[in-house]
Amino acid sequence: MKNVLGNKKAIALFVLPGLLLYTIIVMLPVIWSVYYSVYEGTPGLKWNFVGLANYERLFHDKNFHNALIVNLKYIAIVMIGQVGLGLLLALFFRFWLTKFKNVVRTLVFFPVVLPTVAVGQLFVKIYEIQPNYGLLNSILSNIGLQHLVQPWIGQSSTALGALSAMDIWVAMGFYSVIFYGALLDIPGEIIEAAKIDGCNAFNLFRRVLSPLLKPITITCMIFSFTGTVKMFESALALTKGGPGSATKSLSMFMYSVSFTYGKVGYGSVIAVFIFLLCVVGSRLINLFDRKEKA
Amino acid sequence: MKKIKIKPLIISLLTAGLVILEVYPLFWMLTASFKKPAEFVSKPAYALNDGFYIQNYIDAWTRGNMATFFKNSLINTLAALVFIVFFSVTIGFALTKMEWKYKNKVASYFGIGIMVPVATALIPLFQIYNGMNLINTRTSLIITYIAFGLSLSIYLVTGFLKSLPDEILEAAVVDGCGIYKLMWTIVVPLMKNAIVTVLVLQFFFKWNDLLFSMTFINDTKLKTIQTGLLYFQDEFGAKNWGAIFASVSMSVLPMLVVYMILNKAVIEGMTAGAVKG
Chain A
1271 MKNVLGNKKA
1281 IALFVLPGLL
1291 LYTIIVMLPV
1301 IWSVYYSVYE
1311 GTPGLKWNFV
1321 GLANYERLFH
1331 DKNFHNALIV
1341 NLKYIAIVMI
1351 GQVGLGLLLA
1361 LFFRFWLTKF
1371 KNVVRTLVFF
1381 PVVLPTVAVG
1391 QLFVKIYEIQ
1401 PNYGLLNSIL
1411 SNIGLQHLVQ
1421 PWIGQSSTAL
1431 GALSAMDIWV
1441 AMGFYSVIFY
1451 GALLDIPGEI
1461 IEAAKIDGCN
1471 AFNLFRRVLS
1481 PLLKPITITC
1491 MIFSFTGTVK
1501 MFESALALTK
1511 GGPGSATKSL
1521 SMFMYSVSFT
1531 YGKVGYGSVI
1541 AVFIFLLCVV
1551 GSRLINLFDR
1561 KEKA
Chain B
84 MKKIKIKPLI
94 ISLLTAGLVI
104 LEVYPLFWML
114 TASFKKPAEF
124 VSKPAYALND
134 GFYIQNYIDA
144 WTRGNMATFF
154 KNSLINTLAA
164 LVFIVFFSVT
174 IGFALTKMEW
184 KYKNKVASYF
194 GIGIMVPVAT
204 ALIPLFQIYN
214 GMNLINTRTS
224 LIITYIAFGL
234 SLSIYLVTGF
244 LKSLPDEILE
254 AAVVDGCGIY
264 KLMWTIVVPL
274 MKNAIVTVLV
284 LQFFFKWNDL
294 LFSMTFINDT
304 KLKTIQTGLL
314 YFQDEFGAKN
324 WGAIFASVSM
334 SVLPMLVVYM
344 ILNKAVIEGM
354 TAGAVKG
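Which chain is which? The protein sequence lines are A and B, in order. Residues are numbered in our numbering as their position in the first sequence, beginning at 1, plus a constant of 1270. Residues are numbered in our numbering as their position in the second sequence, beginning at 1, plus a constant of 83.
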């Protein structure tokens, strides 16, 4: 037994190629970004050590502040929307929906698997006002809400909202399926007992379901958070960061700084910041869980 | 009597509203992809198509290079999937069932990868590939896809293997099965479900990649479907709605087919993947 499962050669053969690839392509670049972040110029050409100057610059950079605020707003709206609506849908599936349960769940999940850019293109057309009204504006205009017709993604007041609505539409089915699975795990007797004790729907949710759903809610929030921190593909496909910089996220800012303007060192500072935001944010959400348990 | 009927009515209305909200945009996209250019001007956007104007698809497929983008995405995705499955099964097995000193450390090392944002690795990767003349090659994308697919796949595979009883392996070893034969004849067939989950999940992730392919590839011949669609938008802009709808419909189609066939595995896979966060 030990000879076979402790076969050193086989272990090396199984683990090393993947481990090497993973180290070079995923882990090394993270450290490399930290190294780049204290330099300025083009690697190999004019490459000067500048210490923490890039970091200092970041704190005074208005474009960075804008990207951070846009990204944080987006995280807040989309996280609440995805997780909140996902939960509501799951409750609906579990307690009210009786017919076509599987069909409805399958359909609600469908947008999750669509290519992000394709969804972006689709919504560009839905929100369009020029040269022709898109789906949303033409429906609004037809049902007598002409005053609501507007360039949804062409003005900074509504662009972020329009983008968030799209991303919530895409992902709420995913969270609903996770919550639904968790609701099925809650024994029916607990719910029955609460009902017999005179619990109404609201109290049932507040006192019985929500404590039991807490771990999965935390998981969903972390998942939504790590997804929204990265904000890139959908914003690029829908608005390209505009109008102006109304939907320009941290990742997009990093991308333009490093690849459009070639400032590798400064771009790396932003990359490091995104990584830290990701780690710290997830830890903070996790903390929520532990506090209650103690 | 009335009181009893109200609740089912509300539920039916909510259900119908939900289904419309999810399905109508896609239905609209499909009908619009068959509209003639003139229909977009003369009729409101929600009107159904007059006929089936196939020219949109022909334009997208040939002039819009969709044929090339499709081929590239398919090659990159499939090549990456083969390696992801191979590595995650062998590594997952070594991390759960084999006996060696550092296996827990290596397992958590692979776990960290789930947290790494793609954007953080992008600049160094570009520099590395640039130095190795890998920019504008399929290789750069495929190896990146493999490496970034490992963490989650290994996590899924180890989760599955942990619940696999050791006795099966012991019996095989007692019968004189070597480690490689054990892998191929016992472990891999037993892991069919986990492998399907990894395949389906990673297929969606890789097919949907935008950030890597737009950074490493700028040669139109090598562009993937996601970058291709963006390029398409710039090229045709607001001028050719029909062709844009056709290209978007085409890029959605493979997802639709895979999802319809495997929707149970997809939903379970996504859920299992999400539990880690």
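Where a beta carbon is used, it is the ideal one built from N, C-alpha and C, also for glycine.
- Excluding sequence positions up to five before and after T280 (chain B), its CB lies within less than 7 Å of the CB of L239, A348, E351, G352 and A355, all in the same chain and listed in chain order.
- Listed along chain B are T354, each with a C-beta nearer than 8 Å to that of G1451 (chain A).
- Beta-bridge pairing by DSSP links F1329 (chain A) to no other residue.
- Contacts with chain A at 7 Å (Cβ-Cβ) do not include N148 (chain B).
- The shortest CA-to-CA distance from I137 (chain B) to any of B:I327, B:F117, B:N148 and B:T310 is the one to B:F117.
- In the DSSP assignment, W1317 (chain A) falls within the unbroken beta strand (DSSP E) covering W1317 to F1319.
- Residues of the stretch 1374–1386 of chain A whose Cβ lies closer than 9 Å to any Cβ of chain B, in chain order: V1374, R1375, T1376, L1377, V1378, F1379, F1380, P1381, V1382, V1383, L1384, P1385 and T1386.
- Per DSSP, the beta bridge partners of G1311 (chain A) are A:W1317.
- Its chain contains M149, A326, A329, S330 and M333 as the residues whose beta carbon lies nearer than 7 Å to that of A143 (chain B), once the 5 sequence neighbours on both sides are disregarded; these appear in chain order.
- Closer than 7 Å to the CB of Q1425 (chain A) there is not a single CB belonging to chain B.
- Boundaries of the alpha helix (DSSP H) around W1302 (chain A): L1298 to Y1306.
- Going by beta carbons, A277 (chain B) and F315 (chain B) fall outside the 7 Å limit.
- A Cβ-Cβ contact shorter than 7 Å links S1504 (chain A) with G1390 (chain A).
- Counting along the chain, the unbroken alpha helix (DSSP H) around T222 (chain B) starts and ends at R221 to K245.
- By the beta-carbon neighbour count (other beta carbons within 10 angstroms, threshold 16), Q1352 (chain A) is buried.
- The shortest CA-to-CA distance from Y129 (chain B) to any of A:A1464, A:G1321, A:G1414 and A:S1408 is the one to A:S1408.
- Using a CB distance below 7 Å, the part of the stretch 1508–1527 of chain A facing chain B consists of S1521 and M1524, ordered along the chain.
- Around W111 (chain B), the beta-carbon contacts reaching into chain A at under 9 Å are L1392, K1395, I1396 and L1405.
- DSSP, reduced to helix, strand and coil, places M1501 (chain A) outside both helices and strands of the structure shown, so it counts as coil.
- In this structure, DSSP gives D142 (chain B) a helical state, which the three-state scheme calls helix.
- In the three-state scheme derived from DSSP, where H, G and I count as helix and E and B as strand, M181 (chain B) is classed as coil.
- Membership of R1477 (chain A) in any alpha helix (DSSP H) is not indicated, and neither H nor E is assigned to it by DSSP.
- Exposure of V340 (chain B) is indicated by the presence of fewer than 16 other C-beta atoms within 10 angstroms of its C-beta.
- Counted as a single uninterrupted DSSP element, the alpha helix (DSSP H) harbouring R1375 (chain A) occupies residues K1371 to F1379.
- Neighbours of K1500 (chain A) in chain B, taken as residues at a C-beta separation under 9 Å, are given in chain order as P200, V201, A202 and L294.
- Per DSSP, reduced to three states, the secondary structure at A1463 (chain A) is helical.
- Interface with chain B (7 Å Cβ-Cβ cutoff): V1340 (chain A) is excluded.
- Each residue's CA atom was taken as its position, placing L265 (chain B) and A255 (chain B) some 7 Å apart.
- DSSP, reduced to helix, strand and coil, places Q1420 (chain A) outside both helices and strands of the structure shown, so it counts as coil.
- The residue from A:L1355, A:L1377, A:F1284 and A:V1378 with its alpha-carbon nearest to that of S171 (chain B) is A:F1284.
- Nearest to K1316 (chain A) by alpha-carbon distance, out of A:K1533, A:V1550 and A:G1537, is A:K1533.
- Distance from G196 (chain B) to Y1305 (chain A) at the Cβ level is roughly 19 Å; contact not present, criterion being Cβ atoms closer than 8 Å.
- One alpha carbon belongs to I1466 (chain A), the other to P1485 (chain A), and they sit about 26 Å apart.
- Around the beta carbon of M112 (chain B), a 10 Å sphere encloses 16 or more other beta carbons of the protein chains shown; the residue is thus reported as buried.
- Chain A places a beta carbon closer than 7 Å to that of Q309 (chain B), counting this residue as a contact.
- At a cut-off of 7 Å between beta-carbon atoms, Y1292 (chain A) makes contact with chain B.
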